[in-house]
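Undergrad:
Protein chains: 2
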Amino acid sequence: MITKQNVLELDNNDPIGFARDRFYIPPGKVYLDGNSLGLMSHDTHARVAEVTNRQWGKDAITSWNKHNWIGLPQRVGEKIAPLVGAAPGQVICCDSISVNLFKTLAASLTLVQTEQPQKNQVLSTPDNFPTDLYMVQGLQQLLGQQRCELVLEKEQQLADAVTDTTAVVLVTEVNFRTGRRLDVETLIAKAHAAGAMVIVDLAHSAGVLPVDLDAWQADFAVGCTYKYLNGGPGAPAFIYAAERHHAKLQQPLVGWMGHANPFEFTPNYSPAPGISQFLGGTPPVLSMSAVDAALDAFKDVNLGQLRFKSMQLSELFHDLVVQFELTSELTLIAPEDRNQRGSQLSYESEHAYGICQALIERDVVADFRSPNYLRVGFAPLYNSFHDVYLAVQALADVIESKAHLSERWQQRNAVT
Amino acid sequence: MITKQNVLELDNNDPIGFARDRFYIPPGKVYLDGNSLGLMSHDTHARVAEVTNRQWGKDAITSWNKHNWIGLPQRVGEKIAPLVGAAPGQVICCDSISVNLFKTLAASLTLVQTEQPQKNQVLSTPDNFPTDLYMVQGLQQLLGQQRCELVLEKEQQLADAVTDTTAVVLVTEVNFRTGRRLDVETLIAKAHAAGAMVIVDLAHSAGVLPVDLDAWQADFAVGCTYKYLNGGPGAPAFIYAAERHHAKLQQPLVGWMGHANPFEFTPNYSPAPGISQFLGGTPPVLSMSAVDAALDAFKDVNLGQLRFKSMQLSELFHDLVVQFELTSELTLIAPEDRNQRGSQLSYESEHAYGICQALIERDVVADFRSPNYLRVGFAPLYNSFHDVYLAVQALADVIESKAHLSERWQQRNAVT
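These protein sequences, in sequence, are chains A and B.
Under the UniProt record's numbering, read the first sequence as residues 1 to 416, first letter to last.
Under the UniProt record's numbering, read the second sequence as residues 1 to 416, first letter to last.
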């Protein structure tokens, strides 16, 4: 029997509990949707005001030098690097995760096919986040099936499905629906043994799991900054490219900011050395400054403790769901073993949409994913154990009062 | 002889002079660099604060519906549409201009080659903005020369250079160096007569020239929002695609936001109808909200009067340069005829970098382009005729005092 007292003790003993004060917590709300949109830190709020009031407002164009806007993509990349286990010079912030998938897909396919032209397949899972699959489909349509063919296998059979014709494995470490965490390290070893490369999508990993791209020998990775990195809605994404590929790679979206000498304005493209060759257009300064400031919320936060707290939060949530006897309405589809999960729980329920909406009415924010999943995300930087307690209390109230069965939830909104 | 009195009268009689009050003018500065980075409007400043404080800060994830973040790309597109002569449903705000060039290049090549597979050339000018040329080079490297080959011709011979093998003409209406405005309408007619399509880059046109994409029968266009549309540094760009192409086109960067039903999360891509098929990743809400608010500065501004004022401003500037006898140091490389110019003047000078820096020290902001161009931009929404008078006075002072010859300008900064 877990008591409120137990929960408050967990908060009192939380070694990274200090980080919550770095965030603006919406008053009166329990926010368990950091896996979809992270909250705003006070630093981020101050930075955005600084960028508008002083930098753009007063210094305008001179800010490219004066406030080093021009160096933002690299600077933000270097702040992300330690969160994903990357040595310096391998991570850069730019574009959306979708666009970055296209760049890394084309780059890795080209690299592999230079040596092994018979390899044409991109292996992924039908359960991957759709944009990952769509980007392969877009490339396939452009290049033809002989150069790019999407092949799908169930995620738990992925490592065994690598064949002679596999050029690239595209894998998301944490499944966006179920929260299942895959063994990416083993997958990379098997892919490499067969001469294939691996692109890792870290959308649900970066900032909440210990990621070790260098140690895993990953080839490429992409990730987003608006979930556990708290960069703001639609904030620019990042790319990791292993240094060993830098000299040989070719990515097709070659824009002026990725040129070796962008301000020479020469008509022929010549890539910047290193990771900067992944840049294309002018960086979105407002959004990227927000990401830059948001990353300071990780200062003095031990990533092992962060992961441990994340597992504790999800475990507490589910233990309370069991204790409140809610499992007849909510079937856990995330793995039971907390080590095999990312930082979210997912429940299947016929009434998942209504449950999500009734929770929001009770100031508990989770999200819904089609057709019938309730997702509950845990952001250990700012979520408390008490948040979890309040959330499951509200969930019990929803189900007991049958608020989730209201006719109001027949009409679904576009998002969440 | 132009007197200060004449100049002040021009301001007093300016029919769109009211718009200046909508902007935050950096105190004490004369800002003639709106062709590189437009200034911030008061509405934009307020909107960014609203998006951080209330929308992201308090309403967080629920803002996708509550504040219609999800509809931003279309809503902003519809605000840009009347500025570029587009009927509704043909303009959308997304990504960078570089990425949008790739999308429209691939889409137009594919459309043309479906009917005429022998057409493989993309015709442009060596003087085009480099990112435009680089994006063709990136596509050429990916597809091979048989499907995509960049061919360059001098800009004034462009229309006559269209041949049987021209698939796409990629043209920027206003040259970023010289400020020369090309006759895009005639070029489109000639290209169409030869079975080619035209992509128009409106980076230096949108918001300052009357653009008539529909009337010109343009196929595709791209443009940026951080110059004359005042969307903020690195703000997201836009795409125009003529409605007649919507049903048949295929663009390769197919992300989840461009899916017909993004929140169904299905593994197979199916494009959204209409212009929304150009969306890829999640829209950058902070930056895009800034653009949305910035566009309100065009309210009640007649575009013909805007263009007329733009021409008056550039003409006044050059007339004063002549009057102050500065033409021995500064050679005009923009066309003499104001009708053939965009909204900037460009001067060639051995000491262009030093002149630009010495002007900035005198609170007059213009910009420098390699190797030896001084660019002076006129933003008729907020620049006054008095701005121009003060700028040329400062320019005369720089040259008379030889401030531009200072050794301090031997070392150049990265930008500006």
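From the three backbone atoms N, C-alpha and C, an ideal C-beta is built for every residue, glycine too.
Keep in mind that this is a model prediction, so the values were computed, not measured.
1. Give, in chain order, every residue of the segment 110 to 144 of chain A whose Cβ lies closer than 7 angstroms to some Cβ of chain B.
2. Where do the N-terminal and C-terminal ends of the beta strand (DSSP E) with L123 of chain A fall, by residue?
3. For Y31 of chain A, return the contacting residues in chain B, with the cut-off set at a CB-CB distance below 7 angstroms.
4. Who pairs with P271 of chain B in a beta bridge, going by DSSP?
5. Please report the distance separating the alpha-carbon of I2 of chain B from that of D214 of chain B.
6. Residues in the same chain with beta-carbon distance under 7 angstroms from W256 of chain B, minus the five sequence neighbours each way, listed in chain order, please.
7. With 9 angstroms set as the bound, which would you pick, yes or no: does the beta-carbon of C224 of chain B sit closer than that to a beta-carbon of chain A?
8. Could you check if E78 of chain A is buried or exposed, using at least 16 other CB atoms within 10 Å of its CB as the buried criterion?
9. Quick one: using the 10 Å Cβ neighbour count with 16 as the cut-off for buried, is A366 of chain B buried or exposed?
10. Using beta-carbon positions only, say whether N35 of chain B and Q344 of chain B come within less than 9 angstroms of one another.
11. What span of residues does the alpha helix (DSSP H) with V7 of chain B cover, start to end?
12. Suppose you measure from the CA of L105 of chain B to the CA of H246 of chain B; what does that come to, to the nearest Å?
13. Give me the Cα-Cα distance between T225 of chain A and S314 of chain B, rounded to the nearest whole angstrom.
14. What residues of chain A sit near I360 of chain B, judged by a beta carbon separation below 9 angstroms?
15. Got a sec: is the Cβ-Cβ distance from P210 of chain A to anything in chain B below 9 angstroms?
16. Of all Cβ atoms in chain A, is any one closer than 9 angstroms to the Cβ of M40 of chain B?
17. For the alpha helix (DSSP H) that contains Y382 of chain A, what are its first and last residues?
18. Three-state secondary structure (DSSP) at T416 of chain A?
19. By DSSP, does C356 of chain B sit in helix, in strand, or in coil?
20. If the criterion is Cβ atoms closer than 9 angstroms, does the pair L83 of chain B and L359 of chain B meet it?
21. Can you find the residues in the same chain that come closer than 8 angstroms, C-beta to C-beta, to V398 of chain B, ignoring five residues on each side of it along the sequence?
22. Distance cutoff 9 angstroms, beta carbons only. Does T416 of chain B sit that close to anything in chain A?
23. Beta carbon of Y382 of chain B, beta carbon of I25 of chain B: below 9 angstroms?
24. Got a sec? Which residues, its chain only, sit under 7 angstroms from L187 of chain A by beta carbon, not counting five neighbours each side?
25. Which of helix, strand or coil does DSSP assign to S41 of chain B?
26. Name the chain A residues whose beta carbon is nearer than 9 angstroms to that of V365 of chain B?
27. Could you spell out the range, first to last residue, of the beta strand (DSSP E) harbouring Y240 of chain A?
28. Report buried or exposed for V174 of chain B, applying the criterion of at least 16 other Cβ atoms within 10 angstroms of its Cβ.
29. Looking at S276 of chain B and Q90 of chain B, is the spacing between their C-beta atoms short of 9 angstroms?
30. Could you check the C-alpha separation between L72 of chain B and Y228 of chain B for me, to the nearest Å?
31. Ordered along the chain, which non-local residues of its own chain (more than five positions away) have a Cβ less than 6 angstroms from that of T110 of chain B?
32. Using the beta-carbon count (16 or more within 10 Å), is N13 of chain B buried or exposed?
33. May I have a chain-ordered list of the beta strand (DSSP E) segments no shorter than 3 residues that lie completely inside the segment 132 to 210 of chain A?
34. Just to make sure I have the definition right: I need the residues of chain B whose C-beta is within less than 7 angstroms of the C-beta of I97 of chain A. Which are they?
35. Could you check where the beta strand (DSSP E) with R369 of chain B kicks off and where it finishes?
36. Just the Cα atoms here: how many angstroms apart are V376 of chain A and V122 of chain B?
TA: Let me spell this out:
1. P126, P130, T131, L133, Y134, M135, Q137, G138, L139, Q141, L142
2. Residue numbering aside, residue 123 of chain A sits at position 123 when the first sequence is read from its first letter. Looking at the DSSP string, the run of the beta strand (DSSP E) that includes L123 of chain A is 121 to 124.
3. What you label residue 31 of chain A is simply residue 31 of the first sequence in a count that begins at 1. A60, listed in chain order.
4. Here residue 271 of chain B refers to the residue found at position 271 of the second sequence. For P271 of chain B, which the question treats as bridged, DSSP gives the partners B:H259.
5. Start at 1 with the first residue of the second sequence, and residue 2 of chain B comes out as number 2. Start at 1 with the first residue of the second sequence, and residue 214 of chain B comes out as number 214. When rounded, the distance between both Cα atoms is 40 angstroms.
6. On the second sequence, residue 256 of chain B is found 256 positions in, with the first residue counted as 1. If we look at W256 of chain B and ignore the five residues flanking it on each side, its Cβ neighbours are P262.
7. Numbered from 1 along the second sequence, position 224 holds the residue referred to as residue 224 of chain B. For C224 of chain B, the answer is yes, since a Cβ of chain A falls inside 9 angstroms of its Cβ.
8. What you label residue 78 of chain A is simply residue 78 of the first sequence in a count that begins at 1. It counts as buried.
9. As a position in the second sequence, residue 366 of chain B is number 366, starting the count at 1. With 16 or more other Cβ atoms within 10 Å, it is buried.
10. As a first step, residue 35 of chain B must be located in the second sequence, where it is residue number 35. As a first step, residue 344 of chain B must be located in the second sequence, where it is residue number 344. Against a cut-off of 9 angstroms, the Cβ pair of Q344 of chain B and N35 of chain B comes out as a contact.
11. Sequence index remark: in the second sequence, residue 7 of chain B carries index 7 (1-based). Segment 4 to 12, the alpha helix (DSSP H) holding V7 of chain B.
12. Here residue 105 of chain B corresponds to residue number 105 of the second sequence, with the count starting at 1. Here residue 246 of chain B corresponds to residue number 246 of the second sequence, with the count starting at 1. Their Cα atoms are separated by approximately 15 angstroms.
13. Taking the first sequence and counting its residues from 1, the one referred to as residue 225 of chain A is at position 225. Taking the second sequence and counting its residues from 1, the one referred to as residue 314 of chain B is at position 314. The straight-line gap from Cα to Cα measures roughly 43 angstroms.
14. One-based indexing of the second sequence puts residue 360 of chain B at position 360. What I360 of chain B touches in chain A: T62.
15. As a position in the first sequence, residue 210 of chain A is number 210, starting the count at 1. Chain B contact via Cβ: absent.
16. Sequence index remark: in the second sequence, residue 40 of chain B carries index 40 (1-based). Judged by the 9 angstroms Cβ criterion, M40 of chain B is in contact with chain A.
17. Counted from its first residue, the first sequence places residue 382 of chain A at position 382. Neither: Y382 of chain A is in no alpha helix (DSSP H) and is coded neither H nor E.
18. Numbered from 1 along the first sequence, position 416 holds the residue referred to as residue 416 of chain A. Unreliable positioning characterises T416 of chain A in this predicted model, as indicated by a pLDDT of 46, which lies under 50. The coordinate reading is nonetheless provided below. Coil.
19. Position 356 of the second sequence, counted from the first residue, corresponds to residue 356 of chain B. Looking at C356 of chain B - three-state DSSP - the assignment turns out to be helix.
20. Counting from 1 along the second sequence, the entry for residue 83 of chain B is found at position 83. Counting from 1 along the second sequence, the entry for residue 359 of chain B is found at position 359. Contact flag unset, no.
21. Walking along the second sequence from the start, residue 398 of chain B turns up at place 398. Once the five neighbours on either side are set aside, the close Cβ partners of V398 of chain B are I355, A358, L359, R362, H404.
22. Mapped onto the second sequence, residue 416 of chain B falls at position 416. Low local confidence applies: a pLDDT of 46 at T416 of chain B is under 50, so the model's placement there is unreliable, and no value is given.
23. Looking up residue 382 of chain B in the second sequence gives position 382. Looking up residue 25 of chain B in the second sequence gives position 25. In contact: Y382 of chain B and I25 of chain B (Cβ atoms closer than 9 angstroms).
24. As a working mapping, residue 187 of chain A is identified with position 187 in the first sequence. Same-chain partners within the cutoff: L158, A159, V169, V171, V198.
25. Taking the first residue of the second sequence as 1, we reach residue 41 of chain B at position 41. Here S41 of chain B sits in strand by DSSP.
26. Translated into positions along the second sequence, residue 365 of chain B becomes position 365. Per Cβ cutoff of 9 angstroms: A60, I61, T62.
27. Reading the first sequence from its first residue, position 240 is the one you call residue 240 of chain A. Its beta strand (DSSP E) spans residues 238 to 241.
28. Taking the first residue of the second sequence as position 1, residue 174 of chain B is located at position 174. Classification for V174 of chain B: buried.
29. As a first step, residue 90 of chain B must be located in the second sequence, where it is residue number 90. As a first step, residue 276 of chain B must be located in the second sequence, where it is residue number 276. No. Outside cutoff.
30. For the purposes of this step, residue 72 of chain B is taken as residue 72 along the second sequence, with counting starting at 1. For the purposes of this step, residue 228 of chain B is taken as residue 228 along the second sequence, with counting starting at 1. Going from the Cα of L72 of chain B to the Cα of Y228 of chain B covers about 20 angstroms.
31. Taking the second sequence and counting its residues from 1, the one referred to as residue 110 of chain B is at position 110. Around T110 of chain B: Q250.
32. Counting from 1 along the second sequence, the entry for residue 13 of chain B is found at position 13. Flag for N13 of chain B reads exposed.
33. 149 to 152, 166 to 172, 197 to 201
34. Along the first sequence, one-based indexing puts residue 97 of chain A at 97. Ordered by position in chain B, the residues that pass the 7 angstroms Cβ test against I97 of chain A are G281.
35. Residue 369 of chain B sits at position 369 when you count from the first residue of the second sequence. 367 to 369 is the extent of the beta strand (DSSP E) around R369 of chain B.
36. The sequence position of residue 376 of chain A within the first sequence is 376, counting from 1. The sequence position of residue 122 of chain B within the second sequence is 122, counting from 1. One C-alpha to the other measures close to 50 angstroms.
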